[in-house]
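Comments concern the structure below.
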Amino acid sequence: MLAATVAYFYPDLRKEEIKKFGLLAFTLFLIIGAYWVLRLLKDTIFFKIAFPVTLGWEISQGRLFQPTAKLLSVAVVFVLVMVYSKLVDLFKKHTLFYIICSFYSLLFAGISGALILRSLYGDLYLGKYLLSLVGWASYFAIESFGSLVVALFWSFTNSVCDSASAKRGYALIIACAQMGAIVGSSLMFFAHTIGLWQLLAMASVLTALVMVVIRHFMRVIPADQQIGDRTAAKEDKKHEGESGFFAGVRLLFTRPYLIGIFIVSTVYEVIGQVIEYQMKSQADVSPLFVEELGFAQFLGIYGIATNVLSFLMALLGTSYLIKRFGLRFGLLFYPFCLVIAFVLLFLFFMYGNPSTTSLLCATFVTMMIAKGLGYAVNSPVKEMMYIPTSKDVKYKTKGFTDVFGGRMAKMGGSRITDAFKHNMSDLMVYGTLWSLGISIVWIGAALYVGKKNAQLVRDNEIVE
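Residue numbers (this note's numbering): 30 to 493.
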């Protein structure tokens with residue numbers, strides 16, 4: 030029944046590939062489901078729980094701290110990327126899931142325990158500084174989880190798929206990821222019924238289940254289906270022994286193709302960070318969402334809307350766009366749509382005389398486009414760019430790009446929001462100008478990467 034459904038929506042998938050891509054899709058379903066629960070909880074904890082007025086903090090202290098938290102998260106993630114790069118050299122690819130997912134599952138369980146104590150005994154029981162520590166720790170843990178575990182999944186997937194099978198199966202993986210995102214966001218919508226610490230505990234369990242699915246994958250999928258690009262595999266054998274975080278960085282800055290992927294994979298985060306901060310700042314002071322559970326519910330609505338759009342695109346549009354227009358079009362489709370969306374938002378703010386509610390709605394729609402199309406179109410296309418590359422590129426360079434590169438881009442966005450966080454008008458004007466400039470660089474990189482990828486696949490070459 031399930032296989033027949035998959036075959037109906039993805040007729041290009043071969044019979045023997047359905048189980049393989051089905052398990053990979055379910056793995057990402059669990060990861061993204063946990064991530065969206067955690068991602069929305071992160072802002073609820075940081076904005077509404079960690080810095081209460083009753084313990085002496087200023088009103089909206091969490092919102093004012095948020096740009097600083099983004100900046101500091103870069104240092105945290107930098108350390109984790111170096112550890113991750115070393116683990117790639119020491120352990121087999123599937124073993125990394127057991128190590129990293131165990132760490133995060135236990136960490137989230139511990140934070141959940143702190144929230145249990147708060148729910149039973151109140152803010153005063155934990156105290157001003159311990160409660161703020163919970164906020165900072167949860168923020169850094171969730172930020173790094175979203176980058177590190179997702180990057181690990183795609184590195185693993187790229188190493189067991191070739192370019193031809195990826196074009197057939199990646200859309201299924203993305204569609205299931207969006208289903209996981211919808212489920213995770215929906216749980217946040219019912220936060221007032223379920224409870225915040227219970228949601229964090231659920232995310233801990235989902236993270237642990239990832240290890241179970243990966244173990245099953247390694248046991249039931251034949252070895253000949255766990256081989257990716259054969260040229261890349263041969264080159265990996267030649268270069269075994271080169272290790273460490275800096276091997277990936279060296280490759281990145283000496284290969285124009287990888288620099289192009291770096292730009293395509295990260296710079297949209299600058300634009301997204303600015304728009305998202307605008308939206309959450311507006312919701313933070315809205316009478317409808319001022320309380321912690323109301324704010325959590327708003328974030329749940331945002332997550333559901335964004336991910337429903339992504340799911341529909343992944344289910345009905347991603348494969349068609351890639352097959353009909355090619356990978357280069359897929360790389361360009363997202364930046365052009367995002368530019369149109371944030372320019373229209375800016376024009377509405379400047380000349381539409383919006384009310385607080387209408388501005389929040391307009392920003393909400395812009396974020397739907399930014400995140401929805403990003404997950405459904407940009408994510409699978411940029412992942413395909415790594416297929417004609419070596420193992421060091423797939424794991425070390427990609428790990429640096431996805432984890433540290435993403436943090437650097439968010440840090441850039443945070444610098445903009447931190448500079449103008451007290452004046453929404455300045456944030457809209459200067460944020461738009463910065464975003465336009467960044468988009469020009471982004472589009473240029475997308476053109477180059479798309480052309481170079483076509484040449485690599487055509488000539489059966491890899492970047493190493």
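All C-beta atoms in this analysis are idealised placements derived from N, C-alpha and C, irrespective of residue type, glycine included.
Assigned exposure category for residue i - 16 Cβ within 10 Å defines buried
| i | result |
| --- | --- |
| residue 148 | exposed |
| residue 356 | buried |
| residue 82 | exposed |
| residue 267 | Unreliable positioning characterises residue 267 in this predicted model, as indicated by a pLDDT of 47, which lies under 50. A coordinate reading is not provided. |
| residue 140 | buried |
| residue 45 | exposed |
| residue 440 | buried |
| residue 489 | exposed |
| residue 325 | buried |
| residue 430 | buried |
| residue 113 | buried |
| residue 354 | exposed |
| residue 384 | exposed |
| residue 319 | exposed |
Top-ranked residue by Cα proximity to residue i, from the options
| i | options | result |
| --- | --- | --- |
| residue 178 | 62, 322, 321 and 330 | 62 |
| residue 467 | 292, 351 and 403 | 292 |
| residue 65 | 381, 483, 330 and 443 | 330 |
| residue 105 | 131, 172, 238 and 49 | 172 |
| residue 288 | 47, 481 and 71 | 481 |
| residue 297 | 249, 460, 283 and 252 | 460 |
| residue 496 | 116, 193 and 160 | One cannot answer for residue 496 here, as it falls past the ends of the chain, which runs 30 to 493. |
| residue 470 | 295, 211, 306 and 84 | 295 |
| residue 339 | 401, 224, 67 and 251 | 401 |
| residue 307 | 474, 389, 325 and 463 | 389 |
| residue 337 | 245, 145, 397 and 445 | 397 |
| residue 362 | 184, 475 and 328 | 475 |
| residue 134 | 102, 67, 281 and 462 | 67 |
| residue 334 | 117, 458, 237 and 215 | 215 |
Beta-carbon spacing of residue i, residue j below 8 Å
| i | j | result |
| --- | --- | --- |
| residue 478 | residue 437 | no |
| residue 213 | residue 332 | yes |
| residue 411 | residue 180 | no |
| residue 203 | residue 408 | yes |
| residue 416 | residue 195 | yes |
| residue 342 | residue 405 | yes |
| residue 242 | residue 59 | yes |
| residue 231 | residue 126 | no |
| residue 209 | residue 57 | yes |
| residue 228 | residue 220 | yes |
| residue 99 | residue 443 | yes |
| residue 420 | residue 188 | yes |
| residue 164 | residue 80 | yes |
| residue 55 | residue 205 | yes |
| residue 89 | residue 313 | yes |
| residue 472 | residue 364 | yes |
| residue 146 | residue 155 | yes |
| residue 184 | residue 435 | no |
Residue i beta carbon near the ligand SAH (any heavy atom closer than 7 Å)
| i | result |
| --- | --- |
| residue 459 | Only the bare structure without any ligand can be found here, which leaves the ligand SAH out of the picture. |
Rounded separation between residue i and residue j - CA only
| i | j | result |
| --- | --- | --- |
| residue 108 | residue 382 | 46 Å |
| residue 285 | residue 279 | 12 Å |
| residue 142 | residue 433 | 29 Å |
| residue 52 | residue 186 | 11 Å |
| residue 235 | residue 277 | 30 Å |
| residue 352 | residue 200 | 11 Å |
| residue 265 | residue 124 | Note that residue 265 scores 48 on pLDDT, short of 50, meaning its location in the model is unreliable; the coordinates nonetheless yield the value given after this. Going by the C-alpha atoms only, they are around 18 Å apart. |
| residue 451 | residue 91 | 14 Å |
| residue 47 | residue 386 | 46 Å |
| residue 465 | residue 391 | 19 Å |
| residue 374 | residue 395 | 7 Å |
| residue 484 | residue 162 | 50 Å |
| residue 371 | residue 249 | 46 Å |
| residue 132 | residue 69 | 20 Å |
| residue 169 | residue 121 | 27 Å |
| residue 261 | residue 456 | Note on residue 261: pLDDT 47, under 50, position unreliable in the model; no value is reported. |
| residue 84 | residue 310 | 22 Å |
| residue 174 | residue 301 | 19 Å |
| residue 446 | residue 96 | 7 Å |
| residue 73 | residue 246 | 35 Å |
| residue 225 | residue 144 | 8 Å |
| residue 379 | residue 423 | 44 Å |
| residue 281 | residue 418 | 12 Å |
Any chain B beta carbon closer than 8 Å to residue i
| i | result |
| --- | --- |
| residue 43 | The structure shown contains no chain B; it holds only a single protein chain. |
Report the residue ranges of all alpha helix (DSSP H) runs contained in full by the region 175-242; include only those spanning at least 4 residues, in chain order.
-> 192-218 and 220-223
Could you name each continuous alpha helix (DSSP H) segment of 4 residues or more that falls completely within the region 118-173, going from the start of the chain to the end?
-> 122-150 and 152-155
Quick one: complete alpha helix (DSSP H) runs, 4+ long, within the region 314-377?
-> 321-341 and 347-354
Unbroken stretches of the beta strand (DSSP E), 3 residues or longer, contained in the region 38-101 | none
Pick out the complete alpha helix (DSSP H) segments inside the region 434-471, 4 residues or longer, and give them in chain order.
-> 435-449
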